[in-house]
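Engineer: In our numbering, the protein residues as written are 22 to 394.
Even glycine gets a Cβ: it sits at the ideal position worked out from N, Cα and C.
1. Return the chain-ordered ranges of every alpha helix (DSSP H) run that is complete within the stretch 179–247 and spans a minimum of 4 residues.
2. What whole-angstrom Cβ distance do residue 228 and residue 240 have, given they're in contact under 8 Å?
3. Along the chain, which unbroken stretches of the alpha helix (DSSP H) at least 4 residues long are found entirely within the stretch 116–188?
4. Relative to the C-alpha of residue 84, which candidate in 108, 272, 168 and 345 has its C-alpha closest?
5. If you reduce the DSSP assignment to three classes, tell me which class residue 83 lands in.
6. Residue 134 and residue 144: beta carbons closer than 9 Å?
7. Beta carbon of residue 362, beta carbon of residue 381: below 9 Å?
8. Less than 9 Å between the C-beta atoms of residue 187 and residue 213, yes or no?
9. For residue 156, which option in 168, 141, 166 and 147 has the closest C-alpha, if you only look at C-alpha atoms?
10. Assuming contact is defined by CB atoms lying nearer than 9 Å, are residue 342 and residue 373 in contact in what I supplied?
11. Identify whether residue 108 lies in helix, strand or coil by the three-state DSSP scheme.
12. State the Cα-Cα distance for the pair residue 182 and residue 207, rounded to the nearest angstrom.
13. Between residue 233 and the ligand GTP, is the CB less than 8 Å from at least one heavy atom?
14. What number of angstroms, rounded off, separates the C-alpha of residue 101 from the C-alpha of residue 94?
15. If we ignore side chains and look at the alpha-carbon of each, how far apart do residue 334 and residue 262 end up?
16. Whole angstroms is fine: what's the gap from residue 123's alpha carbon to residue 350's?
17. Taking 9 Å as the threshold (C-beta atoms), are residue 272 and residue 299 in contact?
18. What would DSSP say about residue 96, mapped onto helix, strand or coil?
19. Within its chain, find whatever has a CB closer than 6 Å to the CB of residue 54; leave out the 5 residues flanking it on each side and keep chain order.
20. In the structure shown, what three-state DSSP assignment does residue 16 receive?
21. In its own chain, which residues sit with a C-beta less than 7 Å from the C-beta of residue 189, not counting the 5 before and 5 after it?
22. How far does the alpha helix (DSSP H) with residue 316 in it reach, from first residue to last?
23. Can you look up residue 365 in the DSSP assignment and give me helix, strand or coil?
24. Would you please state the rounded distance, in angstroms, between the beta carbons of residue 18 and residue 332? I believe it to be under 8 Å.
25. Check residue 371 in the structure and name its three-state DSSP category.
26. Distance, Cα to Cα, residue 172 vs residue 251?
27. DSSP three-state label for residue 333, please.
28. Would DSSP call residue 66 helix, strand or coil?
29. Nearest to residue 70 by CA position, among 82, 97, 81 and 80, is which residue?
30. According to DSSP, is residue 358 helix, strand or coil?
31. Cα separation between residue 317 and residue 129?
32. May I have the straight-line CA-CA distance separating residue 355 from residue 330, to the nearest angstrom?
33. Flag this pair as yes or no: are the beta carbons of residue 254 and residue 245 separated by less than 9 Å?
34. Could you tell me the distance, in whole angstroms, from the CA atom of residue 266 to the CA atom of residue 308?
35. Helix, strand or coil for residue 280? Go by DSSP, reduced to three states.
36. How is the alpha helix (DSSP H) around residue 267 delimited, first residue to last?
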């Protein structure tokens, strides 16, 4: 089964948000080496860097000096500056695991895949850990070798079933469209780590891809409850309108999310769509509220085409044709190949008595529709 719109959107967001282990978040260094960086106030960072550079120049053969300077650069996300000092520290003390791991990770995050693979392979020959298998899985995935990555992620998860290792394995299986194995991985992972929001998100993506829509909604809701600040669960819930009826509990979660992130255009858009089209068993939607949310979405993000389109549809349905025409023209200016926008604009022109323009838009709609076949 191919990825549908929710699964595809979910995969893209998962990959965007969950890359390799963060060097900045947790550089693997002795506490003594990292201590000056953690305690230094921002205005003194230049002074700290100068002192660390002076220490390297004074003791070019010192592992600790190169390691401390590399740690400083890792903490500042200056990976290209850190790599030479990680390499020098490795040359001085090859067995040091933490330094070599950070070197491999820095090489990976700067796109130097072959050196990163070589470094992890060298480490694996010394110490066969789940962490290293996961890291080489990251390398293979970045290189587009998804099957090879899957093998490494599986080994990592069996050796050390951490939340991160299990997530990477399941996410990789989603990329391979291997939804049945992915279902097994995420189900087992959630038994071990039930409080993980992103595991619930991944599980929801798999459930959606397998046609288990109501279960997917439950998974996304759990993720939203576990981490209300994470936008991913709301993104997926927002894409579920029209697929399966959404209860008032979903709308309540979106109300909470919009309140927490008042400048999030997608939050306003999805909340509007759930109120308008997502709750078949509830009373008729408050269209004034829907309109306000859509207008707020396009104010926050004037290029949010789907919000412009839906606002145009809403205005057309209310026979507010001049307003609808303006909004739909804005949507088409941003995405000229959006067939449905041309169709809706043609109808609005017809109702407004502008037949020549309606004919032009209808012709464009027919051309786009024919080209999509």
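Structural biologist: Short version:
1. 184–196, 200–213, 218–230 and 234–247
2. Your numbering for residue 228 matches position 207 in the chain shown. Your numbering for residue 240 matches position 219 in the chain shown. Sure, about 6 Å apart at Cβ, within 8 Å.
3. 118–130, 134–147, 151–163 and 167–180
4. For the purposes of this step, residue 84 is identified with residue 63 of the chain shown, where counting begins at 1. Here the closest residue by C-alpha is 108.
5. Mapped onto the chain shown, residue 83 falls at position 62. In this structure, residue 83 counts as coil in the three-state DSSP scheme.
6. As a first step, residue 134 is located in the chain shown; it is residue number 113 there, counting from the start. As a first step, residue 144 is located in the chain shown; it is residue number 123 there, counting from the start. No, the pair does not count as a contact, with Cβ atoms beyond the cut-off.
7. For the purposes of this step, residue 362 is taken as the residue at position 341 of the chain shown. For the purposes of this step, residue 381 is taken as the residue at position 360 of the chain shown. No, these two residues do not count as a Cβ contact at 9 Å.
8. Within the chain shown, residue 187 is the residue found at index 166, counting from 1. Within the chain shown, residue 213 is the residue found at index 192, counting from 1. Cβ atoms of residue 187 and residue 213: closer than 9 Å.
9. As a working mapping, residue 156 is identified with position 135 in the chain shown. Checking every option, the nearest Cα to that of residue 156 belongs to 141.
10. Numbered from its first residue, the chain shown carries residue 342 at position 321. Numbered from its first residue, the chain shown carries residue 373 at position 352. Yes, the Cβ-Cβ distance between residue 342 and residue 373 is below 9 Å.
11. Numbered from its first residue, the chain shown carries residue 108 at position 87. Residue state, collapsed to three classes: helix.
12. Numbered from its first residue, the chain shown carries residue 182 at position 161. Numbered from its first residue, the chain shown carries residue 207 at position 186. Taking the straight line joining both Cα atoms gives about 12 Å.
13. By its list of ligands, the structure shown contains no ligand whatsoever, and the ligand GTP lies outside what it can speak to.
14. Translated into positions along the chain shown, residue 101 becomes position 80. Translated into positions along the chain shown, residue 94 becomes position 73. So the two alpha carbons sit approximately 9 Å from each other.
15. To locate residue 334, count along the chain shown from 1; it is residue 313. To locate residue 262, count along the chain shown from 1; it is residue 241. Near 16 Å, if we compare the C-alpha coordinates of residue 262 and residue 334.
16. Taking the first residue of the chain shown as position 1, residue 123 is located at position 102. Taking the first residue of the chain shown as position 1, residue 350 is located at position 329. Roughly 51 Å between the two C-alpha positions.
17. Counted from its first residue, the chain shown places residue 299 at position 278. Counted from its first residue, the chain shown places residue 272 at position 251. Cβ atoms of residue 299 and residue 272: closer than 9 Å.
18. On the chain shown, position 75 is the one that residue 96 refers to. Correct three-state label for residue 96: helix.
19. Taking the first residue of the chain shown as 1, we reach residue 54 at position 33. Unreliable positioning characterises residue 54 in this predicted model, as indicated by a pLDDT of 37, which lies under 50. A coordinate reading is not provided.
20. This structure gives no information on residue 16, because the portion of the chain shown stretches from 22 to 394.
21. Position 168 of the chain shown holds residue 189. Cβ within range, chain order: 155, 158 and 174.
22. For this step, residue 316 is matched to residue 295 along the chain shown. 308–321 is the extent of the alpha helix (DSSP H) around residue 316.
23. Here residue 365 refers to the residue found at position 344 of the chain shown. Of the three classes helix, strand and coil, the one that applies to residue 365 here is helix, per DSSP.
24. Outside the shown range of the chain, which is 22 to 394, sits residue 18, and nothing can be said about it.
25. What you label residue 371 is simply residue 350 of the chain shown in a count that begins at 1. Note: residue 371 maps to helix in three-state DSSP.
26. Locating residue 172 in the chain shown gives position 151, counting from the first residue. Locating residue 251 in the chain shown gives position 230, counting from the first residue. Roughly 29 Å between the two C-alpha positions.
27. Translated into the one-based positions of the chain shown, residue 333 becomes position 312. In the structure shown, residue 333 sits in a helix (DSSP, three-state: H, G or I).
28. By one-based count along the chain shown, residue 66 stands at place 45. Looking at residue 66 - three-state DSSP - the assignment turns out to be helix.
29. Your numbering for residue 70 matches position 49 in the chain shown. When each option's Cα is compared against that of residue 70, the closest is 97.
30. Position 337 of the chain shown holds residue 358. It is coil, neither helix nor strand.
31. The residue given as residue 317 occupies position 296 in the chain shown. The residue given as residue 129 occupies position 108 in the chain shown. If you draw a straight line from the Cα of residue 317 to the Cα of residue 129, it comes to about 40 Å.
32. Along the chain shown, one-based indexing puts residue 355 at 334. Along the chain shown, one-based indexing puts residue 330 at 309. Straight through space, the alpha carbons of residue 330 and residue 355 are spaced by roughly 11 Å.
33. The sequence position of residue 254 within the chain shown is 233, counting from 1. The sequence position of residue 245 within the chain shown is 224, counting from 1. Yes. Within cutoff.
34. Locating residue 266 in the chain shown gives position 245, counting from the first residue. Locating residue 308 in the chain shown gives position 287, counting from the first residue. Going by the C-alpha atoms only, they are around 18 Å apart.
35. Sequence index remark: in the chain shown, residue 280 carries index 259 (1-based). Correct three-state label for residue 280: helix.
36. The sequence position of residue 267 within the chain shown is 246, counting from 1. Counting along the chain, residue 267 falls outside any alpha helix (DSSP H), and DSSP gives it neither H nor E.
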